[in-house]
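Each remark here refers to the structure printed beneath this line.
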Amino acid sequence: MTAERVQDVLRKSEGNVMYLTSQLVDSGAISIDTLDEFAGLCRSLMIVLGKNDKPAVTTGSVSKTEPDVKVAAQAISTSKDSMAGVTAWPAQEKREKGTLDNSACVDVCLTNLDLVAGMRTCILKGVNSIKNIHDLQALVWGGPLEYIELDRDGSGCGVVRFLTPEACEAYFDATANGIKLPGDSGSLVFVEQKPGVNSTNDTLNNAATNNITRCVRALDADKDWNAYALMGLARGPDKRKREVDVILSGVDSNKRFYFDFRFANIYDAINFRRSLTVDEDWEMCKLIHVSDPCATAQGPHFNDVESDGKLIAKGFT
Numbered sequence: 131m132t133a134e135r136v137q138d139v140l141r142k143s144e145g146n147v148m149y150l151t152s153q154l155v156d157s158g159a160i161s162i163d164t165l166d167e168f169a170g171l172c173r174s175l176m177i178v179l180g181k182n183d184k185p186a187v188t189t190g191s192v193s194k195t196e197p198d199v200k201v202a203a204q205a206i207s208t209s210k211d212s213m214a215g216v217t218a219w220p221a222q223e224k225r226e227k228g229t230l231d232n233s234a235c236v237d238v239c240l241t242n243l244d245l246v247a248g249m250r251t252c253i254l255k256g257v258n259s260i261k262n263i264h265d266l267q268a269l270v271w272g273g274p275l276e277y278i279e280l281d282r283d284g285s286g287c288g289v290v291r292f293l294t295p296e297a298c299e300a301y302f303d304a305t306a307n308g309i310k311l312p313g314d315s316g317s318l319v320f321v322e323q324k325p326g327v328n329s330t331n332d333t334l335n336n337a338a339t340n341n342i343t344r345c346v347r348a349l350d351a352d353k354d355w356n357a358y359a360l361m362g363l364a365r366g367p368d369k370r371k372r373e374v375d376v377i378l379s380g381v382d383s384n385k386r387f388y389f390d391f392r393f394a395n396i397y398d399a400i401n402f403r404r405s406l407t408v409d410e411d412w413e414m415c416k417l418i419h420v421s422d423p424c425a426t427a428q429g430p431h432f433n434d435v436e437s438d439g440k441l442i443a444k445g446f447t
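The numbering of the sequence shown is this note's numbering, which starts it at 131 and goes up by one.
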């Protein structure tokens, strides 16, 4: 995991060290088997945060000081890369229940830490023809997502993490024979579950309990916004841009005009909604989270934009 990726994870989770740790473990960047090793990682981060004297970056009325995580990444010098030496994905084989090796999973019991007793992450293999998040999410269903992303290293893989292990299991079971891509090529996308327990945090627990999703709706919005301005607003002014799925417009059952903003991850959606609450151009709007199309679909949903509203803009990677 690169320093930029560590920085990206810290920003998305609003500095949540436990979430960062889970991401580092999931990616194979580090291996933590004891509380002492976890404490050592925390001390490394504390050293970095203590030395950071950069001024806070202010956007509207919200300020945030960004730690220099490059030093933190260098401090993890004893990390192990579980994918070292792997040059290609293994061939797809028939699935059999109970064949996943979970021996590497470590049960951790820490105060105020909620661990989901199950797997929430799937890897989609064979998505070389998919070029944006919207087309990738059309291959996913079964429940709301924490995040979805395309690998940019040419591996032809995508990663999706569900908000609950039940949704992940349902999707995995439903895709036992692969997913046929649209068109005449007959290409199949294969889905594998990623072994290991995915930890949660207060943000995710709150999202699962209160139906908070990666999709934000601005009701009673001004209709005069153009696609370019809306995309700039959604991506944000910071150097690390929020990753957008699509932006839609429509009218609800009460004849109220709205814009829908769908993001690649739930953290960007939460931060975006928060930014609109302090933006005077949007103060007249009612801001709500709406259903994730990956939760309402019963299978591949390549035409959900046409059924949900008018497409204003599509994100890019």
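C-beta: ideal position from N, C-alpha, C; glycine also.
- Residue pairing by DSSP places C252 opposite V290 and Q323 in a beta bridge.
- Sorting I400, M414 and A394 by C-alpha distance to the C-alpha of F292 places A394 at the top.
- DSSP links A443 through a beta bridge to I377.
- Taking a C-beta distance under 8 Å as the contact criterion, M414 and N328 do not qualify as a contact pair.
- Of the residues R141, L140, Y149 and V139, the one whose Cα lies closest to the Cα of D332 is Y149.
- When the alpha-carbon of V420 is set against those of F391, D368 and R282, the nearest one is in F391.
- Short of 7 Å from the beta carbon of G439, and not among the five residues preceding or following it, lie these beta carbons of its own chain, in chain order: L378, S379, G380 and D390.
- Per the coordinates, the alpha-carbon of K385 lies some 20 Å from the alpha-carbon of C345.
- The Cβ neighbour count for K142, taken over all protein chains shown within 10 Å, is at least 16; the residue is labelled buried.
- E296 sits in a helix when the DSSP states are folded into three classes.
- With fewer than 16 other beta carbons inside 10 angstroms of its own, F446 counts as exposed.
- Taking N335 as reference, the option from G272, G256 and I396 with the minimal CA-CA separation is I396.
- Per DSSP, the continuous beta strand (DSSP E) segment holding L349 begins and ends at C345 to L349.
- DSSP, read as helix, strand or coil, puts E413 in coil.
- According to the DSSP secondary-structure assignment, Y358 is paired through a beta bridge with no residue.
- Taking 8 Å as the upper bound for CB-CB distance, V321 and L280 are not in contact here, some 15 Å apart.
- Shown here, I418 sits in a strand according to DSSP, grouped into three states.
- The beta carbons of V289 and T251 sit closer together than 8 Å.
- Taking 8 Å as the cut-off, the Cβ atoms of L275 and D422 count as close.
- In this structure, A351 sits near Y388, with a CB-CB distance shorter than 8 Å.
- When the Cα atoms are used, D382 and L417 turn out to be separated by approximately 14 Å.
- G286 places its beta carbon less than 8 Å from that of V257.
- Between A300 and G273, the C-beta spacing is below 8 Å.
- Pairing C298 with Q267 gives a Cβ-Cβ distance that is not under 8 Å.
- The C-beta distance from V374 to V435 rounds to 13 Å, too long to meet the 8 Å contact threshold.
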